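J.: This is the structure, below, for whatever I ask next.
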Amino acid sequence: MNPRLLVPFLAAGLGLPACHAAAPAGAPAPAPVAAPDSLRIRTDIAYLASDRLEGRRTGSPGNDSAAAYIARRYRALGLAAMTPTSYLQPFVARPAASAHAGHPEELPSQNVVAMLAGTDAALRGQYVVIGAHYDHLGRSTEGAQDPQAGDVIRNGADDNASGTAAVLELARIFRAAPTRRSLLFVNFTGEEEGLLGSAYFVEHSPVALDSVDAMINFDMVGRLRNRRLIVYGVATGTEFPAMLDRANAGRVDIHGQGDGFGPSDQSSFYAKNIPVLHFFTDLHEDYHKATDDADKINAAGEATVVDIAEQVIRDVADRPRRITFFRVPAKPTVAASSAGSDVYFGSIPDMAAGDVKGERVTGVTAGSPADKGGLRAGDIVVEFGGMEVSDLETYSAALYAHKPGDVVKVVVLREGQRVTLSVTLGRRGG
Ligand SMILES: [Zn+2]
Numbered sequence: 328m329n330p331r332l333l334v335p336f337l338a339a340g341l342g343l344p345a346c347h348a349a350a351p352a353g354a355p356a357p358a359p360v361a362a363p364d365s366l367r368i369r370t371d372i373a374y375l376a377s378d379r380l381e382g383r384r385t386g387s388p389g390n391d392s393a394a395a396y397i398a399r400r401y402r403a404l405g406l407a408a409m410t411p412t413s414y415l416q417p418f419v420a421r422p423a424a425s426a427h428a429g430h431p432e433e434l435p436s437q438n439v440v441a442m443l444a445g446t447d448a449a450l451r452g453q454y455v456v457i458g459a460h461y462d463h464l465g466r467s468t469e470g471a472q473d474p475q476a477g478d479v480i481r482n483g484a485d486d487n488a489s490g491t492a493a494v495l496e497l498a499r500i501f502r503a504a505p506t507r508r509s510l511l512f513v514n515f516t517g518e519e520e521g522l523l524g525s526a527y528f529v530e531h532s533p534v535a536l537d538s539v540d541a542m543i544n545f546d547m548v549g550r551l552r553n554r555r556l557i558v559y560g561v562a563t564g565t566e567f568p569a570m571l572d573r574a575n576a577g578r579v580d581i582h583g584q585g586d587g588f589g590p591s592d593q594s595s596f597y598a599k600n601i602p603v604l605h606f607f608t609d610l611h612e613d614y615h616k617a618t619d620d621a622d623k624i625n626a627a628g629e630a631t632v633v634d635i636a637e638q639v640i641r642d643v644a645d646r647p648r649r650i651t652f653f654r655v656p657a658k659p660t661v662a663a664s665s666a667g668s669d670v671y672f673g674s675i676p677d678m679a680a681g682d683v684k685g686e687r688v689t690g691v692t693a694g695s696p697a698d699k700g701g702l703r704a705g706d707i708v709v710e711f712g713g714m715e716v717s718d719l720e721t722y723s724a725a726l727y728a729h730k731p732g733d734v735v736k737v738v739v740l741r742e743g744q745r746v747t748l749s750v751t752l753g754r755r756g757g
């Protein structure tokens, strides 16, 4: 999950300081569909988020080891590689942030790509991309929400060993029971440096992009709690909402977000007019910190997410007609910028825009200004420093209108009551 792309929603002050041939059509019915296996998911995450991979930073040996692990799994499943010899799509990642900072970096890295051919001769020339980034921050404080911890290993269990494990599990399930259209499994590198792997992929795709019917992304799917599942991009394919409802069958509460642009790799595909979905179990206090470890993963919850996603993908990949692309009108943006601001509050906003007016807080960082001021998880902020808050954007605008040290009045709805708090804003990293 990329914090730079969350600006102005989330930055700094908002609590985040700063080929096997498939069976031909008409062949005997395939074996029963395998169910997602939470133990396998847990095992994959434990490896990918272990200290020996040192946080999988793009261009690092740990990142290469993760790519090799993924490729071995595709080989064991007998999926087709991009080239006769390799599942790897190598390229040199060039982070824009380091170039702007005057020390341009060149990070040799690779996406991992595998293909499962569709069963229907008339449809197998069309594809559904199933993707997740596998890189994380490594030991870098760049993009970290705990820069004060220094160059410790940030394992990124939820971000995004969880998504990587979801894609591996889906590859296993679909290999056992393929779809009519073909499936491309893609593990992106360089996401944390600015969606570099997915940006490279869409410019160097092994299949024509106009043959890609949909892209389904998994970024941070390992912390399902309170039955809340966020899905971005639901309005980008006309058929998606009904498909999600059918697949879910009431198991979780799906909070659909319409737009196809979001803080992860689906944005690269949506920019190419491809319908996208991004499954996401929401932010949490360990996001981009050294504490995002495997022991905090809800593997059974992730298996539920994988099962819902598998049914949606099967629906997309088996239907006679292609998904209908819809360009979601851009929302007018409120002028809110974190640029040059180091103000810090310490609330963790709810990424699912609800029906309520105001911005719901899913958590409060311990010891933060918000914590000291008495803000609690579940509060709905309706006023901040004299400015009305109706959603995440107006919340951001209100926050960035202030500076560290300001004492602000924050009005929240708590169990239906208006509660007024007084909060002394802090300084990011301070
Ligand atoms: Zn991230």
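In my numbering, the protein residues as written are 328 to 757.
Cβ atoms here follow ideal geometry from the backbone N, Cα and C, with glycine treated the same way.
A quick note: this is a predicted structure, and the numbers were derived from the prediction, not measured.
1) Say yes only if the C-beta of Leu464 is nearer than 8 Å to one or more non-hydrogen atoms of ligand 1, and no if none qualify.
2) For Leu610, which of Ala574, Val439, Asp486 has the nearest alpha-carbon?
3) So is the beta-carbon of Glu469 under 8 Å away from any non-hydrogen atom of ligand 1?
4) Nearest by alpha-carbon distance to Phe711: which of Arg648, Phe672, Leu571 is it?
5) Near Ala376, which residues of its chain fall below 7 Å by C-beta distance, leaving aside the five closest residues on each side in sequence?
6) Closer than 6 Å by C-beta to Gly490: which residues in its own chain qualify, once you throw out the five before and the five after it? Chain order, please.
7) Tell me whether Asp378 sits in a helix, a strand or coil according to DSSP, three-state version.
8) Work out the CA separation of Gly585 and Arg703 for me, nearest whole Å.
9) What do you get for Thr721, buried or exposed, if any count of 16 or more other CB atoms within 10 angstroms of its CB means buried?
10) When you compare the CB positions of Val439 and Val513, do they come within less than 9 Å of one another, or not?
11) Between the alpha carbons of Asn600 and Ala504, how many angstroms are there, rounded?
12) Count the other C-beta atoms from every protein chain shown that fall within 10 angstroms of the C-beta of Leu366, then say buried if there are 16 or more, exposed otherwise.
13) Would you grab the beta carbon distance between Val709 and Gly685 for me? Rounded to a whole angstrom, and I think it's under 8 Å.
14) Can you check whether the CB of Val632 is closer than 9 Å to the CB of Ala423?
15) Could you please go through the chain and list the residues whose beta-carbon is closer than 6 Å to any non-hydrogen atom of ligand 1?
16) Check this for me: beta carbons of Arg499 and Ala361, under 9 Å apart or not?
17) Pull up the distance between the alpha-carbon of Arg654 and that of Val738, whole angstroms please.
18) So what's Val760 in DSSP terms, helix, strand or just coil?
19) May I have the straight-line CA-CA distance separating Met542 from Leu536, to the nearest angstrom?
20) To the nearest angstrom, how far is it from the Cα of Asp642 to the Cα of Ala393?
21) Can you name the start and end residues of the alpha helix (DSSP H) that Tyr614 belongs to?
22) To the nearest angstrom, how far is the alpha carbon of Asp580 from that of Val529?
23) Give a yes or no on whether the C-beta atoms belonging to Arg555 and Thr608 are separated by under 9 Å.
24) What's the gap between the Cα of Asp682 and the Cα of Tyr414?
25) According to DSSP, is Pro602 part of a helix, a strand, or is it coil?
26) Between Asp634, Met409, Asp592, which has its C-alpha nearest Val534's C-alpha?
27) Less than 8 Å between the CB atoms is what I'm expecting for Lys616 and Gln475, so what's the real figure, rounded?
T.: Working from what's here:
1) Answer for Leu464: yes, Cβ within range of ligand 1.
2) Here the closest residue by C-alpha is Asp486.
3) Exclusion of Glu469 from the 8 Å shell around ligand 1 follows from its C-beta lying no nearer than that to any non-hydrogen atom of the ligand.
4) Of the candidates Arg648, Phe672, Leu571, Phe672 places its Cα closest to the Cα of Phe711.
5) Excluding residues within five positions, the ones whose Cβ falls inside 7 Å are Asn482, Gly483, Ala484, Ala488, Asp620, Ala621.
6) So the list reads Ala459, Phe545, Asp546, Val548, once near-sequence residues are dropped.
7) The answer is helix: DSSP assigns Asp378 an H, G or I state.
8) Roughly 28 Å separates the two Cα atoms.
9) Classification for Thr721: buried.
10) Yes, the pair counts as a contact, with Cβ atoms nearer than the cut-off.
11) If I take the Cα positions, the gap works out to 29 Å.
12) Exposed, by the Cβ-count rule.
13) In this structure Val709 touches Gly685 by the C-beta definition: roughly 4 Å separates them, less than 8 Å.
14) Not closer than 9 Å, so no.
15) The answer, residue by residue, is Met328, Asn329, Asp486, Glu519, His615.
16) In this structure, Arg499 sits near Ala361, with a CB-CB distance shorter than 9 Å.
17) Approximately 36 Å, taken between the alpha carbons.
18) Residue numbering for the chain in the displayed model covers 328 to 757; residue 760 lies beyond these limits and cannot be assessed.
19) Answer to the nearest angstrom: the Cα atoms are 11 Å apart.
20) Roughly 30 Å separates the two Cα atoms.
21) Where Tyr614 is concerned, there is no enclosing alpha helix (DSSP H), given that its DSSP letter is neither H nor E.
22) Near 32 Å, if we compare the C-alpha coordinates of Val529 and Asp580.
23) For the 9 Å CB-CB criterion, Arg555 and Thr608 form a contact.
24) If you take the alpha carbons of Asp682 and Tyr414, they lie about 44 Å apart.
25) Three-state result, Pro602: coil.
26) The shortest Cα separation from Val534 among Asp634, Met409, Asp592 belongs to Met409.
27) Going by Cβ atoms, the distance from Lys616 to Gln475 rounds to 10 Å, so no, they are not a contact pair.
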